[in-house]
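Residue numbers (our numbering), protein chains in the order written: chain R, 182 to 800; chain S, 533 to 730. Glycine included, every Cβ here is placed at the ideal spot set by N, Cα and C. Since the structure is predicted, the reported quantities are computational estimates derived from the model, not experimental observations.
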Amino acid sequence: MTAPMIAPADTRLLLSGNEAIARGAWEAGVKVATSYPGTPATEILESIGAYPDLHAQFSVNEKVAMEVAIGAAMSGVRALCSMKHVGMNVAADAFMTFTLTGTKGGLVIIVADDVGLSSSQNEQDSRYWGRFGHMPILEPADSQEAYEMTKAAFDISERFQTPVILRATTRVCHVKAVATVGARTAGAKANFIPEPQRWVMVPGNAKNRLPLMAERDVAFAAFAEDTDLNVLDDGTDRRIGFVTSGPVALTLREVFPNAPIFKLGFSYPLPIERLRAFAATVDAVVVAEETEPLIENEMKAAGITVSGKDILPRFGELLPHIVGPAVRPLLGLDEPPPQAAPAKLFPRPPTLCPACPHLAVYHTLARLRKKVLIAGDIGCYTLGAGHPWGALDSCISMGASMGVALGMDKAREPEDRDKAIVAVIGDSTFLHMGMQGLLDITYTQGNVTVLLMDNSTTGMTGGQNHPANGQDLHGNPAPKVDFAKLVTALGVAEDRIHVVDPYQLPVFDRTLRQEIATPGPSVIITNRPCTLIDAFTRHQPYHTDEDACTGCGKCIDIGCPAISVARRETATRKNGREVELTFAHIDTAICTGCGMCVNVCASEAIVRDEIPAKEDCRS
Amino acid sequence: MTITNILVAGTGGQGVMTATEILSLAALAMGFDVKKTEVAGMAQRGGVVTSHLRFGEKVLSPVIPAGEADVLLAFEAAEALRCCHEVRANGVILVNTLRLAPPVVSSGLFTYPDDPVAALRATGRQVYAFDAGEIARDLGEIKLINTVMLGAISDHLPFPQDELKERIVARFRDRKPALAEANARAFDAGRAKARATA
Chain R
182 MTAPMIAPAD
192 TRLLLSGNEA
202 IARGAWEAGV
212 KVATSYPGTP
222 ATEILESIGA
232 YPDLHAQFSV
242 NEKVAMEVAI
252 GAAMSGVRAL
262 CSMKHVGMNV
272 AADAFMTFTL
282 TGTKGGLVII
292 VADDVGLSSS
302 QNEQDSRYWG
312 RFGHMPILEP
322 ADSQEAYEMT
332 KAAFDISERF
342 QTPVILRATT
352 RVCHVKAVAT
362 VGARTAGAKA
372 NFIPEPQRWV
382 MVPGNAKNRL
392 PLMAERDVAF
402 AAFAEDTDLN
412 VLDDGTDRRI
422 GFVTSGPVAL
432 TLREVFPNAP
442 IFKLGFSYPL
452 PIERLRAFAA
462 TVDAVVVAEE
472 TEPLIENEMK
482 AAGITVSGKD
492 ILPRFGELLP
502 HIVGPAVRPL
512 LGLDEPPPQA
522 APAKLFPRPP
532 TLCPACPHLA
542 VYHTLARLRK
552 KVLIAGDIGC
562 YTLGAGHPWG
572 ALDSCISMGA
582 SMGVALGMDK
592 AREPEDRDKA
602 IVAVIGDSTF
612 LHMGMQGLLD
622 ITYTQGNVTV
632 LLMDNSTTGM
642 TGGQNHPANG
652 QDLHGNPAPK
662 VDFAKLVTAL
672 GVAEDRIHVV
682 DPYQLPVFDR
692 TLRQEIATPG
702 PSVIITNRPC
712 TLIDAFTRHQ
722 PYHTDEDACT
732 GCGKCIDIGC
742 PAISVARRET
752 ATRKNGREVE
762 LTFAHIDTAI
772 CTGCGMCVNV
782 CASEAIVRDE
792 IPAKEDCRS
Chain S
533 MTITNILVAG
543 TGGQGVMTAT
553 EILSLAALAM
563 GFDVKKTEVA
573 GMAQRGGVVT
583 SHLRFGEKVL
593 SPVIPAGEAD
603 VLLAFEAAEA
613 LRCCHEVRAN
623 GVILVNTLRL
633 APPVVSSGLF
643 TYPDDPVAAL
653 RATGRQVYAF
663 DAGEIARDLG
673 EIKLINTVML
683 GAISDHLPFP
693 QDELKERIVA
703 RFRDRKPALA
713 EANARAFDAG
723 RAKARATA
């Protein structure tokens with residue numbers, strides 16, 4: 182891999198919040214950076230990986246990522262661990278004890294909350310972790326602050342020997358904004374010093390750390406009162422003063438140009454005396470925070486009168502069109518005339534790609550819909566819940582398909598086993614947290630057929646490498662897990678493990694029917710790569726022979742975006758019954774020639790193009 | 533303190549985010565404060581993508597306030613209609629007339645509007661509609677469609693069109709001079725076409 186161009190100090194760059202965090206970490210001399218991909222945090226580690234003089238890796242899950250960062254920080258170097266909000270739930274076990282030992286080298290944990298749920302299964306407020314773990318929370322509003330606060334977080338972490346959380350949101354991570362960057366300072370060299378009283382958390386040692394943590398709380402509360410990360414952005418209209426954190430500060434300034442705004446960059450612990458003094462300078466205080474009423478409740482507990490979630494929503498982003506109408510009535514301001522309603526249009530939900538190997542799985546499951554319960558998981562294949570397949574019965578958390586399927590099986594009586602139970606899971610998700618669930622299935626001999634959809638990448642987050650695709654973060658060769666051997670080792674009988682080419686629909690269909698009809702655990706591994714990675718091979722596209730197409734519509738049922746309805750007709754059969762015929766059209770510009778549809782066409786109406794087609798206008 | 537608000541819309545995979553990125557870099561080079569934000573769930577998978585670009589002396593929120601987009605650059609006809617209410621009453625809409633029907637339409641669950649461009653014009657906003665794909669194909673390379681779109685918007689920016697053109701051409705000049713030349717032609721063709729369809 183060629184060395185990246187590194188912008189020199191004092192350059193004005195257009196950086197996403199994620200890129201800005203990466204730059205700040207590199208300048209701060211970070212030595213080890215870890216993560217597991219997850220929207221909106223993925224690009225933090227990817228960007229760090231492009232800098233020299235450090236080690237960056239995607240770990241198999243957030244807990245391992247956290248532990249790798251902890252080991253590095255114990256050794257005295259600066260370490261960073263980034264993840265999406267739900268990743269912290271996975272990492273919490275390690276996190277909640279490392280907050281007790283405290284750190285040696287600076288450890289900064291970046292947690293990216295998907296406020297507004299652009300690509301997540303829930304919305305949770307990671308600022309709670311500061312309260313739970315007795316550690317500071319920093320909250321940037323834009324790229325410049327994300328860059329500066331990342332550097333500040335390392336200094337604070339080392340000064341107080343405590344890990345620090347930098348809490349970002351989608352509206353920081355994925356916004357590109359101007360940031361002026363600085364120069365790098367090399368970090369300390371690793372030097373692990375054995376200190377069992379500190380690093381070996383057995384009860385006797387842990388008890389001695391608890392009073393130190395309480396002392397630390399007091400020290401941070403004092404720091405909060407002094408730090409210039411907390412800023413009063415004053416205004417002349419004293420009727421309402423806002424207390425806020427993160428990108429909401431920008432919303433407020435946009436909507437209320439003259440309001441005093443107390444912006445908490447260091448938002449936990451609160452600088453409660455400064456906030457009390459601020460409240461005394463305005464007629465009323467409104468706390469605007471995403472998403473839980475944390476600052477609000479703590480100010481109220483300190484005896485300061487504020488409003489907050491009584492007028493603002495308790496979930497979702499606090500954008501100008503939300504905050505304005507909620508607050509303007511308090512100022513006696515009229516609402517601007519309502520906007521014209523948006524045009525009523527068809528929805529355009531995200532869908533699977535042409536030639537996506539998951540199409541085969543969901544096409545087959547949809548046909549077996551009445552015979553199976555389908556426990557789902559997190560990844561592109563969660564889209565199997567959508568049109569036209571409707572082939573997913575649950576989606577909870579990373580790896581949950583295994584345990585949920587097993588629970589469905591164990592909950593029922595033998596006579597209720599009219600439906601087979603299937604668990605669908607992707608390769609990266611299986612490595613993340615699926616293996617343990619499968620072990621439970623084999624140990625308790627659950628009647629579950631696992632569809633392990635190995636597409637050789639972490640697809641939904643943009644195609645990150647993992648331990649089973651033979652490449653490291655930089656695309657260099659790496660050891661490669663053999664899934665068939667892995668599930669054998671986890672206790673699945675060898676004759677119940679099948680590696681199948683999903684494009685061979687009849688073979689996949691036959692294998693699945695056979696496995697769901699047989700009791701006990703089984704695993705079917707599909708082995709075609711994601712269409713968006715280099716390992717995918719495009720072939721000459723197909724088109725429909727209009728004269729040969731009988732209108733059976735079977736190819737359309739696959740749900741491939743390249744196949745659409747050309748026309749519909751009603752025909753009368755010999756027995757007098759009317760049937761609806763659906764004739765297909767293949768968009769040769771996006772067809773990649775996988776041939777899945779050829780397998781279901783009885784009339785040989787799908788034929789390969791002879792010359793490259795250049796018909797459509799997509800680029 | 534004037535802020536220019538540009539909304540770019542299309543579907544996942546069309547290059548909406550890249551086009552907005554190039555516009556952002558041009559605005560940055562002009563010395564403006566710049567913010568760009570996407571409203572894109574799982575954008576890579578064929579869903580709706582809209583990108584907000586704001587620049588001026590000092591930009592606060594990255595999100596364009598409701599109904600205050602100055603220009604809408606739409607890569608697909610129905611997607612223009614979906615967000616045209618975000619454009620000022622005296623704003624400009626530049627729309628590629630391409631019609632991309634998603635599976636829920638082709639399967640008959642929903643219908644695609646008969647004439648999205650007429651519906652756009654009926655809103656009273658200034659509409660420039662053109663087939664960017666045809667222009668790109670005439671130039672011999674369908675991939676030039678994004679540059680055609682950027683050429684089309686170049687007359688509606690508060691800075692010289694050469695600045696934007698330079699951002700595009702500079703991406704190819706050193707490594708692929710032929711592509712630089714082709715992109716320059718696509719830019720000019722898009723610009724001329726948008727002017728002609730006012």
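Under 9 Å from the C-beta of residue i: neighbouring residues of chain R
i	result
S:Phe642	Leu526, Phe527, Pro528
S:Arg614	Pro523, Ala524, Leu526, Arg529
S:Ala651	Ala524
Contact set between residue i and chain R, taken where Cβ atoms lie within less than 8 Å
i	result
S:Thr569	Arg352, His355, Val356, Lys357
S:Asp647	Residues of chain R passing the Cβ test: none, with the nearest at roughly 12 Å.
S:Ala661	Result: empty, since nearest Cβ-Cβ is about 14 Å, beyond 8 Å.
S:Ala606	Within 8 Å Cβ-Cβ: nothing; S:Ala606 doesn't reach chain R, min ~13 Å.
S:Ala714	Correct list: empty, because the minimum Cβ distance to chain R is about 13 Å.
Where residue i meets chain S, residues with beta-carbon distance less than 7 Å
i	result
R:Pro569	Pro635, Ser639
Any C-beta of chain C under 8 Å from that of residue i
i	result
S:Ala718	Absent here is chain C; the protein component of the structure consists of chains R and S.
Closer than 7 Å at the beta carbon, the chain R residues around residue i
i	result
S:Phe688	Correcting the residue type first, residue 688 of chain S is His in the shown sequence and not Phe. Near S:His688 there are no residues of chain R at all, since even the closest Cβ is about 21 Å away, more than 7 Å.
S:Ala610	Leu526
Nearest to residue i (by Cα), restricted to the options the options
i	options	result
R:Trp310	R:Met583, R:Asn386, R:Pro450	R:Pro450
S:Ala561	S:Lys675, S:Glu570, S:Gly665, S:Ala702	S:Ala702
R:Arg434	S:Ala612, S:Val540, S:Val595, S:Glu666	S:Val595
R:Thr408	R:Ile337, R:Ala369, R:Ala649	R:Ile337
R:Val788	R:Pro722, R:Pro506, R:Pro519, R:Lys212	R:Pro722
S:Ser593	R:Ser256, R:Asn780, R:Pro438	R:Pro438
S:Asp677	S:Asn537, S:His617, S:Lys725	The sequence given here places Ile at residue 677 of chain S; Asp does not occur at that position. Of the candidates S:Asn537, S:His617, S:Lys725, the one whose C-alpha sits nearest the C-alpha of S:Ile677 is S:Lys725.
R:Pro233	R:Met247, R:Gly210, R:Val436, R:Pro344	R:Gly210
R:Phe404	R:Ile453, R:Ser299, R:Ile678	R:Ile453
R:Arg379	R:Phe279, R:Ile421, R:Ile291, R:Asp323	R:Phe279
R:Gly368	R:Lys332, R:Ala395, R:Gln695	R:Lys332
R:Asp414	R:Arg420, R:Glu406, R:Val424	R:Val424
R:His502	R:Glu516, R:Val249, R:Leu667	R:Glu516
Under 9 Å by beta carbon: chain S residues contacting residue i
i	result
R:Gln520	Ala598, Gly599, His617, Glu618
Interface partners of residue i on chain S, CB under 8 Å
i	result
R:Leu533	Arg577
With contact counted as at least three CB pairs below 8 Å, one residue from each stretch, are the segment 540 to 549 of chain R and the segment 586 to 594 of chain R in contact?
No: the two stretches stay apart, fewer than three of their Cβ pairs being nearer than 8 Å.
With 7 Å as the C-beta to C-beta threshold (strictly closer), list the residues of the segment 411 to 437 of chain R near chain S in chain order.
Here the close residues are Leu431, Thr432, Arg434, Glu435.
Residues of the segment 722 to 752 of chain R with Cβ closer than 8 Å to any Cβ of chain S, in chain order:
Using a CB distance below 8 Å, the part of the segment 722 to 752 of chain R facing chain S consists of Ile737, Gly740, Pro742, Ser745, Val746, Arg749, ordered along the chain.
Please name the residues in the segment 580 to 603 of chain S whose beta-carbon is closer than 7 Å to at least one beta-carbon of chain R, in chain order.
From the segment 580 to 603 of chain S, only Val580, Leu592, Ser593, Pro594, Val595, Pro597, Ala598, Gly599 have a Cβ closer than 7 Å to chain R.
Only counting runs of 4 or more residues, tell me where the alpha helix (DSSP H) segments fall wholly within the segment 535 to 604 of chain S, in order along the chain.
Residue ranges of uninterrupted alpha helix (DSSP H) with 4 or more members, entirely inside the segment 535 to 604 of chain S and ordered along the chain, are 548 to 561.
Under 9 Å (Cβ pairs) to chain S, residues found in the segment 497 to 510 of chain R
Going along the segment 497 to 510 of chain R in chain order, one finds Glu498, Leu500, Pro501, His502, Gly505 with a Cβ nearer than 9 Å to chain S.
Check distances from the C-beta atoms of the segment 538 to 551 of chain S to those of chain R and list, in chain order, the residues that come in under 8 Å.
Of all residues in the segment 538 to 551 of chain S, Thr543, Gly544, Gly545, Gln546, Gly547 have a Cβ within less than 8 Å of some Cβ in chain R.
Residues in the segment 664 to 685 of chain S with C-beta within 8 Å of chain R's C-beta atoms, listed in sequence order?
Cβ contacts with chain R: Ala664, Gly665, Glu666, Ala668, Arg669, Ile674, Lys675, Leu676, Ile677, Asn678.
Counting only Cβ-Cβ distances shorter than 8 Å, please list the residues of the segment 543 to 575 of chain R near chain S, keeping chain order.
Here the close residues are Cys561, Leu564, His568, Pro569.
Which runs of the beta strand (DSSP E) spanning at least 3 residues fall entirely within the segment 370 to 426 of chain R, listed in chain order?
With a minimum length of 3 residues, the continuous beta strand (DSSP E) runs that stay inside the segment 370 to 426 of chain R are 411 to 414, 421 to 425.
Below 7 Å between beta carbons is the criterion; list the residues of the segment 554 to 565 of chain S that meet it against any residue of chain R, in chain order.
Residues of the segment 554 to 565 of chain S whose Cβ lies closer than 7 Å to any Cβ of chain R, in chain order: Ser556, Leu557, Leu560, Asp565.
Using a Cβ-Cβ cut-off of less than 8 Å, give me the residues of the segment 186 to 197 of chain R that come near chain S, in sequence order.
Against chain S - using a Cβ distance shorter than 8 Å - the residues of the segment 186 to 197 of chain R are Arg193, Leu195.
Whole beta strand (DSSP E) runs in the segment 615 to 694 of chain S with 3 or more residues, listed along the chain?
Those beta strand (DSSP E) runs which fall completely within the segment 615 to 694 of chain S and span 3+ residues are 619 to 628, 658 to 662.
Would you call the segment 604 to 616 of chain R and the segment 233 to 246 of chain R touching, i.e. three or more CB-CB distances under 8 Å?
Enough Cβ pairs lie closer than 8 Å, so yes.
Are the segment 688 to 705 of chain S and the segment 641 to 654 of chain S touching, with three or more C-beta to C-beta distances below 8 Å?
Fewer than three beta-carbon pairs drawn from the segment 688 to 705 of chain S and the segment 641 to 654 of chain S are found closer than 8 Å, and the two stretches are therefore not classed as touching.
Please confirm if the segment 654 to 667 of chain S is in contact with the segment 613 to 627 of chain S, defined as three or more CB-CB distances below 8 Å between the two stretches.
Because the criterion of three Cβ pairs below 8 Å is met, the segment 654 to 667 of chain S and the segment 613 to 627 of chain S touch.
Along the chain, which unbroken stretches of the alpha helix (DSSP H) at least 4 residues long are found entirely within the segment 471 to 545 of chain R?
Listed in chain order, the complete alpha helix (DSSP H) runs (minimum 4 residues) inside the segment 471 to 545 of chain R are 475 to 482, 501 to 508.
Any beta strand (DSSP E) of 3 or more consecutive residues that is wholly inside the segment 584 to 626 of chain R:
Entirely contained in the segment 584 to 626 of chain R, the beta strand (DSSP E) runs reaching 3 residues are, in chain order, 601 to 607.
Taking 8 Å as the threshold, find out whether the segment 625 to 639 of chain R comes into contact with the segment 696 to 712 of chain R through three or more Cβ pairs.
The segment 625 to 639 of chain R makes contact with the segment 696 to 712 of chain R: 3 or more CB pairs, one atom from each, lie closer than 8 Å.
Counting only runs that start and end within the segment 215 to 246 of chain R, where is the alpha helix (DSSP H) found for 4 or more residues in a row?
For the segment 215 to 246 of chain R, the continuous alpha helix (DSSP H) assignments of 4+ residues that do not extend past its boundaries occur at 223 to 229, in sequence order.
Just list the beta strand (DSSP E) runs in the segment 753 to 798 of chain R, keeping only unbroken ones of 3 residues or longer that don't cross its boundaries, in chain order.
Within the segment 753 to 798 of chain R, the complete beta strand (DSSP E) runs of at least 3 residues are 759 to 767, 787 to 789.
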